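Please read the structure below before turning to the comments.
In the UniProt record's numbering, the protein residues as written are 1 to 156.
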C-alpha cells in the first residue's frame, strides 16, 4: 500500500478488515488485463451485516450512508487482497454500482451512495473519483440496506 494511502486511512480512522469470503458461488474479485472487478460488498463489520432494512422505512439516510461507507471499506479490503496488499496499484476507480434496499417512495439513493463515493475519493484522492450508479432495490442479500460493487483500473 502506498504511504499516502496508508496515511489517509489513518487520518480517517479506518483500519481495513480482512477481505470477506464469498457468501455463495462466486469469487470476490476478478482481474482481467488491467481491470479489477470487485464483487458486491455488503455493510459488514466483524463479519456481520450491521446496517439492514429498507431506506425510507426502517433506515434513515445518515445510517444508509454509514452502510455505504462500510461497503467502500470492504471494497478497499478486497482490492488490497487482490493487489497483494498494494492499494497504490489502483490507477483509477472507474465505476461504483450502488444498490439501496428502498421503500417504494424512497428517492434519495444518490445521497446514500455518496457515503461510499466520499470515502473512496477521500482515501484514493484523484484516483478515487469515479462514475457511478445509485439504484433502488426491493431487497438485498441478508437484508442488507446497501450493496456496492466496483471496477478499477490497475497498474501491472
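Note that the Cβ used here is the ideal one computed from N, Cα and C, for glycine as well.
Treat the numbers as computed from the prediction; the structure is a model and nothing was measured.
Item to check | Three-pair Cβ contact test at 8 Å for the segment 71-90 versus the segment 15-26 | outcome: Using a Cβ-Cβ distance cut-off of 8 Å, the segment 71-90 and the segment 15-26 are in contact, since at least three pairs of beta carbons, one from each stretch, lie closer than that value.
Item to check | Per DSSP, cross-strand counterpart(s) of residue 37 | outcome: Here residue 37 corresponds to residue number 37 of the chain shown, with the count starting at 1. DSSP lists 30 and 151 as partners of residue 37.
Item to check | For residue 97, the nearest candidate out of 79, 135 and 11 (CA to CA) | outcome: Taking the chain shown and counting its residues from 1, the one referred to as residue 97 is at position 97. The residue with the shortest Cα to Cα distance from residue 97 is 135.
Next on the checklist: If you reduce the DSSP assignment to three classes, tell me which class residue 51 lands in.
Outcome noted: The residue you call residue 51 lines up with position 51 of the chain shown. It is coil, neither helix nor strand.
Next on the checklist: What does the alpha-carbon distance come out to for the pair residue 6 and residue 86?
Outcome noted: Taking the first residue of the chain shown as position 1, residue 6 is located at position 6. Taking the first residue of the chain shown as position 1, residue 86 is located at position 86. Rounded to whole angstroms, residue 6 and residue 86 show a C-alpha spacing of 10 Å.
Next on the checklist: Check whether the segment 131-147 and the segment 48-60 touch, using three or more Cβ-Cβ pairs below 8 Å as the test.
Outcome noted: Yes: at least three Cβ pairs fall under 8 Å.
Item to check | Straight-line Cα distance separating residue 42 from residue 34 | outcome: By 1-based counting over the chain shown, the position of residue 34 is 34. By 1-based counting over the chain shown, the position of residue 42 is 42. Distance between the alpha carbons of residue 34 and residue 42: 25 Å.
Item to check | Proximity below 8 Å, CB of residue 113 to CB of residue 152 | outcome: Sequence index remark: in the chain shown, residue 113 carries index 113 (1-based). Sequence index remark: in the chain shown, residue 152 carries index 152 (1-based). No, these two residues do not count as a Cβ contact at 8 Å.
Checklist entry - So what's residue 97 in DSSP terms, helix, strand or just coil? => result Stepping through the chain shown from its first residue, residue 97 is reached at position 97. Strand.
Checklist entry - Does the beta-carbon of residue 101 have 16 or more other beta-carbons within 10 angstroms, so that it is buried, or is it exposed? => result Taking the first residue of the chain shown as 1, we reach residue 101 at position 101. Buried, since its Cβ has 16 or more Cβ neighbours within 10 Å.
Next on the checklist: For residue 65 and residue 10, I'd like the C-alpha separation in whole angstroms.
Outcome noted: As a first step, residue 65 must be located in the chain shown, where it is residue number 65. As a first step, residue 10 must be located in the chain shown, where it is residue number 10. Each residue's Cα considered, the two are about 20 Å apart.
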